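The UniProt record's numbering puts the first residue of the sequence shown at 1, with every later residue one more than the last. The C-beta atom is built at its ideal place from N, Cα and C for all residues, glycine as well. Please read all numbers here as calculations on a predicted model, not as lab measurements.
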Amino acid sequence: MTSWNSPEDENALMNLVDSEREQIELELLLEGMHRMYGHDFRNYATPSLRRRIWNFIKMNNFRNISSLQEKVLHDRLTFDRLVHNISIPVTEMFRDPQLFKSFRENVVPILRTYPYIRIWHAGCSTGEEVYSMAILLYEEGLYDKTRIYATDMNSQSLKQAQSGIFGIEKMKLYTKNYIEAGGSRSFSEYYTAKYNSVIFKPFLQKNMIFAEHNLATDRSFNEFNVILCRNVMIYFNDKLRDHVHELFHESLSRFGVLILGSKESIQHTNYGSLYEPLDRVEKIYRKIN
Ligand SMILES: C[S@@+](CC[C@H](N)C(=O)[O-])C[C@H]1O[C@@H](n2cnc3c(N)ncnc32)[C@H](O)[C@@H]1O
1 MTSWNSPEDE
11 NALMNLVDSE
21 REQIELELLL
31 EGMHRMYGHD
41 FRNYATPSLR
51 RRIWNFIKMN
61 NFRNISSLQE
71 KVLHDRLTFD
81 RLVHNISIPV
91 TEMFRDPQLF
101 KSFRENVVPI
111 LRTYPYIRIW
121 HAGCSTGEEV
131 YSMAILLYEE
141 GLYDKTRIYA
151 TDMNSQSLKQ
161 AQSGIFGIEK
171 MKLYTKNYIE
181 AGGSRSFSEY
191 YTAKYNSVIF
201 KPFLQKNMIF
211 AEHNLATDRS
221 FNEFNVILCR
231 NVMIYFNDKL
241 RDHVHELFHE
251 SLSRFGVLIL
261 GSKESIQHTN
271 YGSLYEPLDR
281 VEKIYRKIN
């Protein structure tokens with residue numbers, strides 16, 4: 001017969017109390033970050049967010065989420081470091097090369113018909129995706145009439161993006177990606193190597209604008225022919241995802257192109273019926289309504 005006072009029950013109860021306490025601490029931390037600094041992580045998917053926060057706690061020897069919260073509220077630098085940690089600034093040039101190949105085949109012909117092209121990379125991280133797009137458009141003879149707006153909430157990543165300087169050790173992978181993406185030149189034409197880094201040629205930066213923009217809290221700032229947002233909304237819950245789709249829908253011009261990449265989809269959002277697919281695998285859509 002089960003007794004309510006068995007050690008197993010007490011352990012289960014303590015675990016429940018611990019997890020409820022941790023949930024309260026997490027909500028208070030996110031609320032505090034929002035009210036103090038305006039960054040809103042309250043609608044991020046919890047498991048991944050919790051993991052990132054606990055990594056940060058362990059790396060910095062905090063006792064628990066509450067002690068992290070105290071430090072974050074009193075110290076902007078700790079807040080900035082925490083945001084950097086939460087933001088997962090992982091990217092690469094011509095990441096998922098098939099997507100860029102599909103862009104050449106399905107989107108470039110549409111763009112050729114426009115007198116002027118505006119592209120928004122939302123959640124551009126350290127900019128590798130943006131330089132890749134500039135190279136592709138240059139090769140297609142479209143870069144001169146294009147303006148690329150590249151935004152992220154992580155100011156540290158944006159600084160790196162603006163510098164155009166990347167680690168030389170990654171160039172082998174980037175060259176392979178570039179070729180798989182349909183690149184036909186020598187990739188090394190686009191950068192100059194110096195010690196352990198490469199710097200991309202300044203002409204690529206000519207039509208790029210980098211700016212801080214938070215998809216959870218900031219509004220639309222222009223009208224675009226193309227919006228790319230890859231590997232960003234996978235970290236959001238359904239509510240925030242819908243909010244961002246509303247923002248993208250109102251920011252896209254008539255027949256504008258939305259690119260989500262293979263890991264995301266417009267299905268299961270409130271916006272699926274407003275687009276038609278140009279590539280069902282790479283999740284490239286065209287706004288029809
Ligand atoms: C994994 S990276 C993806 C970079 C690039 N799009 C790619 O696919 O290679 C995710 C980026 O989304 C940014 N991000 C996350 N939440 C954001 C938000 N609310 N507003 C703007 N950017 C956000 C992060 O700072 C990070 O740089």
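How about residue i and residue j: are their beta carbons less than 9 Å apart?
i           : j           : result
residue 120 : residue 151 : yes
residue 87  : residue 25  : no
residue 224 : residue 118 : yes
residue 185 : residue 142 : no
residue 94  : residue 132 : yes
residue 28  : residue 41  : no
residue 216 : residue 61  : no
residue 207 : residue 144 : yes
residue 250 : residue 96  : no
residue 82  : residue 53  : yes
residue 227 : residue 252 : yes
residue 209 : residue 147 : yes
residue 195 : residue 187 : no
residue 284 : residue 107 : yes
Could you check if residue i belongs to the surroundings of ligand 1, using beta carbon to heavy atom distance under 8 Å?
i           : result
residue 92  : yes
residue 219 : no
residue 261 : yes
residue 153 : yes
residue 129 : yes
residue 88  : yes
residue 157 : yes
residue 228 : yes
residue 177 : no
residue 245 : no
residue 268 : no
residue 167 : no
residue 253 : no
residue 122 : yes
residue 174 : no
Can you tell me where the beta strand (DSSP E) holding residue i begins and where it ends?
i           : result
residue 194 : 191-194
residue 210 : 208-212
residue 287 : 284-287
residue 279 : 275-279
residue 167 : 165-167
residue 152 : 146-152
residue 118 : 117-122
residue 197 : 197-200
residue 227 : 224-228
Comparing the CB of residue i with every heavy atom of ligand 3, is any distance shorter than 8 Å?
i           : result
residue 231 : In the structure on display, ligand 3 does not appear, and the ligands it does have are ligand 1.
Does residue i pass the burial test, meaning 16 or more other C-beta atoms within 10 Å, or should it be called exposed?
i           : result
residue 244 : buried
residue 255 : exposed
residue 13  : exposed
residue 55  : exposed
residue 155 : exposed
residue 167 : exposed
residue 288 : exposed
residue 134 : buried
residue 192 : exposed
residue 190 : buried
residue 2   : Below a pLDDT of 50, predicted positions are generally treated as unreliable, and residue 2, at 49, falls in that range; the measurement from the model is reported next regardless. Answer is exposed; the Cβ neighbour count stays below 16.
residue 211 : exposed
residue 292 : Coverage of the chain is limited to positions 1 through 289, which leaves residue 292 absent and any answer about it impossible.
residue 153 : buried
residue 261 : buried
residue 271 : buried
residue 267 : exposed
residue 259 : buried
Starting from residue i, trace the alpha helix (DSSP H) both ways and give me its first and last residue.
i           : result
residue 253 : Counting along the chain, residue 253 falls outside any alpha helix (DSSP H), though it belongs to the beta strand (DSSP E) covering 252-259.
residue 46  : 46-59
residue 102 : 97-102
residue 33  : 7-37
residue 128 : 128-139
residue 76  : 76-86
residue 108 : 108-112
residue 172 : 171-180
Checklist entry - Using 8 Å as the Cβ pair cut-off and three pairs as the minimum, do the segment 272-282 and the segment 99-115 touch? => result yes
Next on the checklist: Tell me whether the segment 157-174 and the segment 126-140 touch, counting them as touching only if at least three CB pairs, one residue from each stretch, are closer than 8 Å.
Outcome noted: yes
Checklist entry - Counting Cβ pairs closer than 8 Å, one from the segment 181-201 and one from the segment 131-146, do we hit at least three? => result yes
Item to check | the segment 185-202 contacting the segment 231-242, beta-carbon criterion three pairs below 8 Å | outcome: Cβ pair count under 8 Å is below three, so no.
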